[in-house]
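Basically our numbering = 1-based index in the sequence shown + 3. Report on one structure; see the data block that follows.
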Amino acid sequence: MSSNLAQTFCPPAADAPSKADFRSAMARLGAAVNIITTDGPAGRAGFTASAVCSVSDEPPSLLVCLNRSASVYETFKRNAVLCVNVLGAGHQDISNLFGGKTSMAERFAAASWQTGVSGSPVMEQASVSFDCRLRQITEVGTHDVLICDVLAIHSSAQAHSLIYFNRQYHELQASC
Ligand SMILES: NC(=O)C1=CN([C@@H]2O[C@H](COP(=O)(O)OP(=O)(O)OC[C@H]3O[C@@H](n4cnc5c(N)ncnc54)[C@H](O)[C@@H]3O)[C@@H](O)[C@H]2O)C=CC1
Ligand SMILES: Cc1cc2nc3c(=O)[nH]c(=O)nc-3n(C[C@H](O)[C@H](O)[C@H](O)COP(=O)(O)O)c2cc1C
């Protein structure tokens with residue numbers, strides 16, 4: 004029988020790797036770069052995230068890890084909807100804008116947007132966008148793991164990708 008309850012095992016070991024060692028190791032785990040957006044009663048917000056992955060195809064669902072200290076945190080939690088906009092080649096500047104201490108107006112001025120069925124902003128220039136509703140939140144350390152149901156998918160004709168690896172951006176082009 005499936006359950007929505009999170010199961011907790013042991014607490015972290017006292018001799019776990021340091022934060023610095025963990026980050027250095029994670030820098031070798033290349034990941035796609037995404038702009039996560041939301042809109043609704045709490046307002047419009049967006050941030051850059053590499054901690055995004057597929058959870059299940061039945062129902063279609065994915066997860067996003069969001070630092071609870073981020074300025075956008077309360078907005079995402081209260082709106083309970085979001086869109087994962089996957090970046091492509093040439094999107095380094097927009098990644099840095101949504102990943103830095105910039106105003107929401109400045110972040111959103113850097114691209115053009117449609118409104119998805121969830122109400123979240125869908126980035127027209129994204130390689131693909133997953134329009135989602137929040138299903139479940141699990142707190143882990145400094146972050147919340149946002150488990151999201153995918154309501155709609157918007158794909159662009161261009162299949163290229165922006166990868167964050169070794170603290171730098173790398174572009175990947177799909178071969179036809
Ligand atoms: N998952 C996250 O929250 C991430 C946050 N960032 C932010 O961007 C800044 C710059 O990142 P980098 O240039 O890659 O150098 P960095 O040395 O700070 O991070 C290296 C890698 O560690 C992981 N990481 C960084 N901060 C983390 C956090 N608070 N919680 C969990 N994993 C984390 C990411 O995989 C990142 O690519 C970070 O200091 C952080 O503020 C970047 C990537 C992921
Ligand atoms: C390449 C990159 C990847 C990031 N990945 C994440 C992530 O997965 N989760 C997260 O909470 N923050 C991540 N960040 C940091 C947020 O984008 C950043 O803290 C966010 O813009 C909030 O900043 P603010 O508090 O100034 O609004 C990432 C930043 C960059 C540049």
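Using N, Cα and C, we set each Cβ at its ideal position, and we do this for glycine too.
Assigned secondary structure, residue i (DSSP; H/G/I helix, E/B strand, else coil)
{"i": "N70", "result": "strand"}
{"i": "L90", "result": "coil"}
{"i": "N99", "result": "helix"}
{"i": "N82", "result": "helix"}
{"i": "E77", "result": "helix"}
{"i": "A108", "result": "helix"}
{"i": "M4", "result": "Confidence at M4 is low in this model, with a pLDDT of 44, below 50, so the placement of that residue should be treated as unreliable; the coordinate-derived value is given next. It is coil, neither helix nor strand."}
{"i": "F12", "result": "coil"}
{"i": "G49", "result": "strand"}
{"i": "L65", "result": "strand"}
beta-carbon residue i near ligand 1 non-hydrogen atom, thresh 8 angstroms
{"i": "C68", "result": "yes"}
{"i": "Y76", "result": "no"}
{"i": "S27", "result": "yes"}
{"i": "H146", "result": "yes"}
{"i": "S53", "result": "yes"}
{"i": "A35", "result": "no"}
{"i": "R47", "result": "no"}
{"i": "R71", "result": "no"}
{"i": "R110", "result": "no"}
is_contact[residue i, chain D] using C-beta, thresh 9 angstroms
{"i": "V58", "result": "Although the question refers to chain D, the structure presented lacks it and comprises just one protein chain."}
Span of the alpha helix (DSSP H) around residue i
{"i": "F25", "result": "22 to 29"}
Residue span of the beta strand (DSSP E) that contains residue i, given as start and end
{"i": "S59", "result": "55 to 60"}
{"i": "T118", "result": "116 to 118"}
{"i": "E174", "result": "171 to 176"}
{"i": "V36", "result": "That residue, V36, is in no beta strand (DSSP E); it is neither H nor E in DSSP."}
{"i": "S164", "result": "163 to 168"}
Cβ-Cβ separation, residue j to residue i (assumed contact under 8 angstroms), whole Å
{"i": "Q117", "j": "L165", "result": "With 8 angstroms as the limit, Q117 and L165 do not qualify as a contact, their Cβ atoms being about 20 angstroms apart."}
{"i": "F55", "j": "Y167", "result": "As written in the sequence, residue 55 is Val, which differs from the Phe given in the question. Contact flag wrong, Cβ pair sits at about 11 angstroms."}
{"i": "A129", "j": "V67", "result": "Contact doesn't hold; Cβ gap of about 15 angstroms is too wide."}
{"i": "S57", "j": "L65", "result": "5 angstroms"}
In DSSP terms, what residue i is bridged to
{"i": "S132", "result": "N88, H157"}
{"i": "S123", "result": "Paired residue(s): none; S123 is not in a bridge."}
{"i": "T41", "result": "A48"}
{"i": "T141", "result": "V148"}
Cβ-heavy atom distance, residue i to ligand 2, below 8 angstroms
{"i": "H173", "result": "no"}
{"i": "F133", "result": "no"}
{"i": "G190", "result": "In the structure displayed, the chain extends from 4 to 179; residue 190 sits before or after that span and is not available."}
{"i": "V143", "result": "no"}
{"i": "A30", "result": "no"}
{"i": "S130", "result": "no"}
{"i": "F50", "result": "yes"}
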